[in-house]
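Q: These protein sequence lines are chains A and B, in that order. Numbered per the numbering used here, the first sequence spans residues 1 to 549. Numbered per the numbering used here, the second sequence spans residues 550 to 1098. For every residue, glycine included, the Cβ atom is placed at its ideal position computed from N, Cα and C. Quick one: the structure is below, and I'll ask about it shortly.
There are 2 protein chains.
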Amino acid sequence: MTTVSEYLFHRLESLGVQHIFGVPGDYVLDLMDVLNQTPINLICNCNELNAGYAADAYARVRGLGAVCVTYGVGGFSLVNAVVGAYAERVPLVVISGAPNSSVRKGNLLLHHTTGDYNLQLSIMEKVTVASVILTNASQAANQIDQTLAACLHYKRPVYIEIPLDLVHQSCTLPEIQPPSSFKFTNQETLPAALEEAVEEAVNLLEKAQRPVILAGVEFNRFHLQNQLLKLLETTGYPLATTMLGKSCISEMHPQFIGNYVGALSRDDVRQRIETADCVLCLGAIMSDMNLGGYTANLDERKLINANSEKVKIKHHFYQPVYLGDFIDGLIANLQKKDAELLEIMPAFHLLSQSFMPQPEAKLTNRRFYERINHFLEDGFIIIADTGDAIVSTMDLLMPQETDFIGQAFYLSIGYSIPACLGAAMAAPQRRLMIFVGDGAFQMTAQELSTIIRHKLNPIIFLINNDGYTIERVIQDGPYNDIQPWKYHQIPQIFGESWSCEVWTEGELEAALVKAQANTNCVSFIEIHLDRFDCSQGLMRLGKAVSHRS
Amino acid sequence: MTTVSEYLFHRLESLGVQHIFGVPGDYVLDLMDVLNQTPINLICNCNELNAGYAADAYARVRGLGAVCVTYGVGGFSLVNAVVGAYAERVPLVVISGAPNSSVRKGNLLLHHTTGDYNLQLSIMEKVTVASVILTNASQAANQIDQTLAACLHYKRPVYIEIPLDLVHQSCTLPEIQPPSSFKFTNQETLPAALEEAVEEAVNLLEKAQRPVILAGVEFNRFHLQNQLLKLLETTGYPLATTMLGKSCISEMHPQFIGNYVGALSRDDVRQRIETADCVLCLGAIMSDMNLGGYTANLDERKLINANSEKVKIKHHFYQPVYLGDFIDGLIANLQKKDAELLEIMPAFHLLSQSFMPQPEAKLTNRRFYERINHFLEDGFIIIADTGDAIVSTMDLLMPQETDFIGQAFYLSIGYSIPACLGAAMAAPQRRLMIFVGDGAFQMTAQELSTIIRHKLNPIIFLINNDGYTIERVIQDGPYNDIQPWKYHQIPQIFGESWSCEVWTEGELEAALVKAQANTNCVSFIEIHLDRFDCSQGLMRLGKAVSHRS
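Structure follows, in structure tokens:
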């Protein structure tokens, strides 16, 4: 016999979910008791928003993540994390307990509710691609499978609500076990549309003298990285990535030139992209911030823009055409161009000069990230929080198998610390490095305790520049000042940890040595920078945003 | 010339709002710049959920509260606080910045959004009584007035979204300045229905031998406390209050017998209420937890149930009948009953025995709250967080002019620390005392830093009983364990503060003396209790909830 809740957890497990994040509450305790009997680990968070962020990062690393909360107070606290996952195409399964079906039919006012028992569903419906309240055990397994399929197909959040009385009901198993291979596919392609799209694109690209590829986040979401490598090999074209697409391939690749984010970009990257006679834009979300606050200058007449569902050339669309199929078509039909004509300035040249610390010198933003660029190792996971941290990390070069995680489009401040927990659980053998500003840290600081609780060993750089520096650059006012905490003292309050303060380049060297060797617990390094000492990219971004209207 | 944003803040100020809580973000900076030019103080929080809780508590104390956040990430992080205010009838004004109207008409993907620019409105519409996006400066003033009127009429949240380009537009002033006297009224009464309702109720009550009054939260919301006192004087009836209605009059009143919360109540209170031959229930929200997890035993045939909008007797309704009018009708027509027959056991008798500390004795839950009962002074504001804290404080007797604040119905964990900030701003001359469990504290701990930043002087009791004790009683499992923090060390990390740990009754005495004298900064007292040492009420509640299905 399999119960409804067992079936749900069994399916999640078969899709690669080994950890579920959540916060207990009386409507969800039965579900959590069942969960604790499965091979999946329940990771309890300090609050629900943090649980949502953790599950989001877990999904970015593993391809699927889940969060489990109580009804009402739990579900409603989670909304911002779900919207973020929706905006950035993250396959996140939201599981909520709920009152007994019998109670919902009555007219009783239950705690944690407003009395409208469909309120949570009706809100979640707006921010997910599929939402369901399980009300009938005989249909539950099919409903679970359909909902999970939508999550994996669209790479966007879904919502499953399980009333208390359904949890232990035995459930009718589907006749055909759903494949777990639908994991990374989005296979709706109209062959004739594909053929035509490939033909038009190939014509444009072959005619172009200096084409470039601009790659976005969908390479991570649909696991198309190998196809991108093959496309690079076949064509010889230079490649840039969007901010959200950062790290979709190794940034040491000889054809990789940098991140293109409009006015935020390094000048040579911007110049190369904006003077290309054909831009092959693949799998990117075309948002303002992802493109440098609308400062990106991509001439639509030179643009081929393909994402997971369609191809747009100039002003017409081919749909449905799946990104993977389109790339395969390009690989089969494009010729290799002469490297000389393509004018490729590989990004790895930035590392050609070695870094010489000046021990007594006060640390600056520029020198800090230059130093980190030489500290990064293959296989790291880098997480940057919203603010100057995410802008500064744009200039970090991601070596082989290094993943970059950040909410580069939705930009919710406070994402990084809970995301660190999620990513560390998703990839226990990998080392994590987190960059978080003081303002962002204050939003979700308590989740550091869960990282410490589970003896994870990320290296966390708390960039203390005394307030919301990114906003000071856009528009300064007293609201950008925050209470100055003694940040480096916080880890010891939560449990076993190592932390220090850094003011000079010499202190940074000592801290890096110590952090690298400290694999037993968290390393928390408070970096002191002047309040207006920020990245050049941020200065440019600030100007771009303040003049936008 | 008055601009749209100036008009909004001017109206809020004239309705008694002197502080607005919020978190900056680029869509709301212009609005905040305007706010900083008004007499209203902008209080910046660590995150938006906390800002919402703070504004909610501010509204409970002053009759209206407001929170101001950025679009998307800000608004969506606030949802749980808004639902809580909706559930517990709190007049909370949610103000959100928004992108320029021109951008919304285009097809651009802006950061902090999903691309659907009505998403935030469409969610807020579900959890408020009035929602509006200001799109036209000539209509804005009227829209603002109508929205604020709905907030004050229904005592429930409203939502006002202001696109960036509207902020500085000059606005047409309404011809008639709206009165600020609509502040506490809800005046829709059908005279004939009122007359009939009063007549039927008076007949029932005069016939009854042992009637009682059960009063709820609407006395606070509609500021009807004086009418309640007059009703008590006129009739001589005994009075109990619901959990959410606690402190609607001084609990030292000779007719006050205690809080009635079903099986949670003291036995004598429960017995008196449930054996009454007529229960006059006034202004109460009839929810499960407010009535002790459905363990309340109120015979509907003996029940007269009046709230702000209607009167229900047995199984028929009189509507619209405003609570204040109904009480006036009762006062005019009821006779005083003989005190002997009414069998009143005043709650203040509980204080008749003085408290003798046993200095070496390990502190227990029971002894701690007994001691606090003798420590409370006139004029305090008491805030209890969800969990054992709110259940335990039920037995605290609120002296003259003492207010009790807690989410007794919606029960969102983590409410108390942000609420402390809001209530302290609302009543700067009053002393606050907070009771918060360790699990609840972890949810929103960072807001303690804002309390410290503004040099507020609440006395905070952190009840450390090693996890979610209330859930251990309902259903125990590993999910009820939390990471043990060194709680008493946290305040010093945030700024100037005084804190200590308490294990024994003697240490508690010393701490109370110190806290009472310390009026310059926060006093943070970590109370160590055994993990299963909880209130008797909680034991009874846990049983009631776990058997509910």
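For chain A, find out if any of its Cβ atoms is closer than 7 Å to the Cβ of GLN1106(B); answer yes or no.
A: This structure gives no information on residue 1106(B), because the portion of chain B shown stretches from 550 to 1098.
Q: Could you tell me whether the Cβ of GLU1020(B) comes closer than 7 Å to any Cβ of chain A?
A: Answer yes: the Cβ-Cβ gap between GLU1020(B) and chain A drops below 7 Å somewhere.
Q: Using a beta-carbon distance below 7 Å, is GLN991(B) in contact with chain A?
A: Yes - at least one Cβ of chain A is within 7 Å of the one on GLN991(B).
Q: For the stretch 20-36 of chain A, which residues have a beta carbon sitting closer than 7 Å to at least one beta carbon of chain B?
A: Going along the stretch 20-36 of chain A in chain order, one finds PRO24, ASP26, LEU29, MET32, ASP33, ASN36 with a Cβ nearer than 7 Å to chain B.
Q: To which residues of the same chain is HIS568(B) closer than 6 Å at the C-beta, ignoring the five residues directly before and after it?
A: The residues are ASN590, ILE592, MET974.
Q: Going by other Cβ atoms of all chains shown within 10 Å of its Cβ, with 16 needed for buried, is MET581(B) buried or exposed?
A: Its Cβ being crowded by 16 or more others within 10 Å, MET581(B) is buried.
Q: CA-CA distance, LEU883(B) and LYS779(B)?
A: Approximately 11 Å, taken between the alpha carbons.
Q: What does the alpha-carbon distance come out to for the pair LEU879(B) and CYS720(B)?
A: For LEU879(B) and CYS720(B), the distance between alpha carbons rounds to 46 Å.
Q: Any contact of the stretch 429-440 of chain A with the stretch 382-392 of chain A, i.e. 3+ C-beta pairs under 8 Å?
A: Segments in contact, yes.
Q: Using only alpha-carbon positions, find the residue among LEU900(B), GLY1086(B), LEU970(B) that is nearest to ASN594(B).
A: The shortest Cα separation from ASN594(B) among LEU900(B), GLY1086(B), LEU970(B) belongs to LEU970(B).
Q: Can you tell me which of VAL1022(B), ALA957(B), ARG915(B), ILE954(B) puts its alpha carbon nearest to the alpha carbon of ILE1076(B)?
A: Looking at the Cα atoms, ARG915(B) is the closest of the given residues.
Q: For the stretch 114-132 of chain A, enumerate the residues whose C-beta is nearer than 7 Å to any C-beta of chain B, in chain order.
A: If the cut-off is 7 Å between Cβ atoms, the stretch 114-132 of chain A has THR114, LEU119, SER122, ILE123, LYS126 near chain B.
Q: Assuming ASN333(A) is part of the beta strand (DSSP E), what are its boundary residues?
A: It is not in any beta strand (DSSP E) - ASN333(A) instead sits in the alpha helix (DSSP H) that spans 323-333.
Q: Given that PRO39(A) touches chain B, what residues does it touch there, using C-beta distances under 7 Å?
A: None at all; the shortest Cβ gap to chain B is about 15 Å.
Q: Just checking: is the beta-carbon of LEU136(A) within a distance shorter than 7 Å of some beta-carbon in chain B?
A: With the sequence shown as reference, residue 136(A) is identified as Asn, and Leu is not the correct amino acid for it. It does not: the Cβ of ASN136(A) has no partner Cβ on chain B nearer than 7 Å.
Q: So is PHE1073(B) in contact with chain A if we call contact Cβ pairs under 7 Å?
A: Closer than 7 Å: no.
Q: Provide the residue(s) that pair with THR241(A) in DSSP beta bridges, ordered along the chain.
A: DSSP, once it has assigned bridges, lists ALA215(A), ASN259(A) as partnering THR241(A).
Q: So what does DSSP say about HIS898(B), is it helix, strand or coil?
A: Note: HIS898(B) maps to helix in three-state DSSP.
Q: For GLY1044(B), return the contacting residues in chain A, with the cut-off set at a CB-CB distance below 7 Å.
A: Within chain A, the residues near GLY1044(B) are GLN483.
Q: Where does ASP987(B) sit, in a helix, a strand or coil, going by DSSP?
A: Residue state, collapsed to three classes: helix.
Q: Based on the DSSP output, what are the partners of PHE404(A) in its beta bridges?
A: Looking at the DSSP assignment, PHE404(A) forms a beta bridge with ILE382(A).
Q: Does any residue of chain D bring its CB to less than 7 Å from the CB of ARG540(A)?
A: The displayed structure is made up of protein chains A and B, and chain D is not among them.
Q: If you draw a straight line from the C-alpha of TYR871(B) to the C-alpha of THR677(B), how long is it?
A: Going by the C-alpha atoms only, they are around 21 Å apart.
Q: Helix, strand or coil for CYS552(A) per DSSP?
A: The structure shown does not extend to residue 552(A), since chain A is modelled only from 1 to 549, so the question has no answer here.
Q: For the stretch 859-884 of chain B, which residues have a beta carbon sitting closer than 9 Å to at least one beta carbon of chain A?
A: Correct list: empty, as no residue qualifies.
Q: Does DSSP put ASN100(A) in a helix, a strand or coil?
A: Of the three classes helix, strand and coil, the one that applies to ASN100(A) here is coil, per DSSP.
Q: Report the option in PRO967(B), TRP1034(B), ILE966(B) whose CA atom is closest to the CA atom of SER449(A).
A: Out of PRO967(B), TRP1034(B), ILE966(B), TRP1034(B) has the C-alpha closest to the C-alpha of SER449(A).
Q: Is the closest heavy atom of the ligand FMN to the C-beta of PRO163(A) under 6 Å?
A: Of the ligands one can find in the structure shown there are none, so the ligand FMN has no counterpart to examine.
Q: Give the residues of chain A in contact with PHE625(B), contact being defined as C-beta atoms less than 9 Å apart.
A: By Cβ distance, chain A contributes VAL79, ASN80, ALA81, VAL82, VAL83, GLY84, VAL127, SER412.
Q: Tell me which residues share the same chain as ALA634(B) and place their Cβ nearer than 6 Å to its Cβ, disregarding the 5 neighbours each side in the sequence.
A: Closer than 6 Å at Cβ, skipping near neighbours: ASP605, LEU641, PRO706.
Q: Give the DSSP bridge partners of CYS830(B), in chain order.
A: CYS830(B) is bridged to LEU763(B), ASN854(B).
Q: Check the Cβ-Cβ distances between ILE474(A) and every residue of chain B, and say whether any is below 7 Å.
A: Yes, its Cβ sits closer than 7 Å to a Cβ of chain B.
Q: Where DSSP assigns a beta bridge to SER523(A), which residues make up the other side?
A: Note: SER523(A) sits in a beta bridge opposite ILE459(A), TRP498(A).
Q: Hey, PRO895(B) and ILE798(B) are a contact pair by Cβ (cut 8 Å); roughly how many whole angstroms apart?
A: About 13 Å; that fails the 8 Å criterion.
Q: Can you check whether the C-beta of ALA691(B) is within less than 7 Å of a C-beta belonging to chain A?
A: Correcting the residue type first, residue 691(B) is Asn in the shown sequence and not Ala. False, the Cβ-Cβ gap to chain A never drops below 7 Å.
Q: Would a check of beta-carbon distances place CYS593(B) closer than 7 Å to chain A?
A: Cβ-Cβ to chain A under 7 Å: yes for CYS593(B).
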